[in-house]
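Chemist: With our numbering, letter number 258 in the sequence shown gets 258, and the count goes up by one each step, no holes.
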Amino acid sequence: MAMGAADIVPGVSGGTIAFITGIYFRLLEAINAVPGAVIGSLFRGDLKGFWQRCDGNFLVCLLVGILMSIATLASAISYALNEHPILIWSFFFGLIVASVWHVGRQIRSFSAFLLLPLAAGIAVAWGVTTLPAGQVDPSGLVFFGAGALAICAMILPGISGSFILVIIGMYAPVLDAIRHLEVGLLLLFASGCVIGILSIARLITWAFHHFHDPVLALLTGFMIGALNKVWPWKETLSWRTNSSGEQVALNEASVSPGYYADITGLDPQLMLAVTMAVGGFALVLLVEWIGSRNRAG
């Protein structure tokens, strides 16, 4: 359920939650085993063998928890982002800062070489966050593609699939589809997720086995660069009209709380924002503590 909550907000990724709680590599192994289990056992009628090879109990429990969390939180998150954007983005900011700290300290051997993938990750993520929100037409094919792309990010510690959806302009359409139970679009999105996760899981496993520290340095850089996207105080540089005829921000720039107050005439809610950021940071530390206790047990 924590993974589902993370995946639905453009902040921390479900992969980060899995990494912190100690189930990440078990998840990768289970996903990697699915194609072989389907061909080697399911097609031969060996249901028990199929279930055991792909760690079925684990995957089903995980999937049910994620889906329950997404179904119950979609409307609440959408409402909160509209009504209290500064506070919610501050909370996300705290989540990512704590995740930077956690994922970065998993590096086994620090060296000057790791500054290269770290800097590359920061540069790429920062560049992506400066892109204007996408203006794609949310057709069925787009939902399928968005699912494949988002799941690849969701499974990586440090990269939020929801953040990718924000960049390509599919975050609101996917949330709306969940809220209104548009089954056809959700099935297309889920199909894209299945194809994407089966494609990327083996590559991630290989990369971690052969380039553990550089991969973690790159992911840490991604998270640092992504902080620009979740900075709570923004100046809207341009607007667009969405499919409902509403004016929404197209291109934004991060500004200081004081400058935000000057240009908008609104209260920057600085103390509350700091409190929410600290709360987000503390939440990740709590999840890490629970995960360490489970691993010790």
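Where a beta carbon is used, it is the ideal one built from N, C-alpha and C, also for glycine.
Between the stretch 25-34 and the stretch 49-63, do at least 3 Cβ pairs fall closer than 8 Å?
Modeler: Touching, yes.
Chemist: Do I96 and L216 have their C-beta atoms within less than 9 Å of each other?
Modeler: Start at 1 with the first residue of the sequence shown, and residue 96 comes out as number 96. Start at 1 with the first residue of the sequence shown, and residue 216 comes out as number 216. No; because the gap between Cβ atoms is not below 9 Å, this pair is not in contact.
Chemist: What's the C-alpha gap between L219 and V100?
Modeler: Your numbering for residue 219 matches position 219 in the sequence shown. Your numbering for residue 100 matches position 100 in the sequence shown. Going from the Cα of L219 to the Cα of V100 covers about 9 Å.
Chemist: Can you give me the start and stop residues for the alpha helix (DSSP H) that P257 sits inside?
Modeler: For the purposes of this step, residue 257 is taken as the residue at position 257 of the sequence shown. Residues 257-264.
Chemist: Kindly indicate which three-state DSSP category T236 falls into: helix, strand or coil?
Modeler: Looking up residue 236 in the sequence shown gives position 236. Three-state DSSP puts T236 in a strand.
Chemist: For E288, name the three-state secondary structure that DSSP assigns.
Modeler: Taking the first residue of the sequence shown as position 1, residue 288 is located at position 288. Here E288 sits in helix by DSSP.
Chemist: Only counting the same chain, and skipping five residues up and downstream in sequence, which positions put a Cβ closer than 7 Å to that of I195?
Modeler: To locate residue 195, count along the sequence shown from 1; it is residue 195. So the qualifying residues of the chain are A148.
Chemist: Would you mind reading off the limits of the alpha helix (DSSP H) that contains Q52?
Modeler: Here residue 52 refers to the residue found at position 52 of the sequence shown. Start and end: 47-53.
Chemist: Let's see if you can read the secondary structure: which residues bound the alpha helix (DSSP H) around G306?
Modeler: Residue 306 is absent from the model: the chain starts at 1 and stops at 297.
Chemist: Name the DSSP bridge partner or partners of A80?
Modeler: In the sequence shown, counting from the first residue as 1, residue 80 sits at position 80. In the DSSP output, where bridge partners are listed per residue, A80 has none listed.
Chemist: State the Cα-Cα distance for the pair A201 and Y259, rounded to the nearest angstrom.
Modeler: Residue mapping note: residue 201 aligns to position 201 of the sequence shown, counting from 1. Residue mapping note: residue 259 aligns to position 259 of the sequence shown, counting from 1. The straight-line gap from Cα to Cα measures roughly 43 Å.
Chemist: I'd like the span of the alpha helix (DSSP H) that includes T16, first residue to last.
Modeler: As a first step, residue 16 is located in the sequence shown; it is residue number 16 there, counting from the start. Per DSSP, T16 belongs to the alpha helix (DSSP H) from 14-21.
Chemist: Please report the Cβ distance between I8 and I70, rounded to the nearest whole angstrom; I am assuming they are in contact, meaning their Cβ atoms lie under 8 Å.
Modeler: Taking the sequence shown and counting its residues from 1, the one referred to as residue 8 is at position 8. Taking the sequence shown and counting its residues from 1, the one referred to as residue 70 is at position 70. Correct: roughly 5 Å between the Cβ atoms.
Chemist: Compute the Euclidean distance between the alpha carbons of F113 and P214, then round it to the nearest angstrom.
Modeler: Start at 1 with the first residue of the sequence shown, and residue 113 comes out as number 113. Start at 1 with the first residue of the sequence shown, and residue 214 comes out as number 214. Approximately 8 Å between the Cα atoms of the pair.
Chemist: Determine the DSSP secondary structure at E29, reduced to helix, strand or coil.
Modeler: Position 29 of the sequence shown, counted from the first residue, corresponds to residue 29. If DSSP states are grouped into helix, strand and coil, E29 belongs with the helices.
Chemist: Report the rounded CA-to-CA distance for P85 versus G94, giving the unit in angstroms.
Modeler: Here residue 85 refers to the residue found at position 85 when the sequence shown is read from its first residue. Here residue 94 refers to the residue found at position 94 when the sequence shown is read from its first residue. In a straight line, the C-alpha of P85 is about 14 Å away from that of G94.
Chemist: Based on Cα-Cα distance, which residue from S75, L198, S109, W206 lies nearest to H180?
Modeler: Sequence index remark: in the sequence shown, residue 180 carries index 180 (1-based). Among S75, L198, S109, W206, the Cα nearest to that of H180 is on S75.
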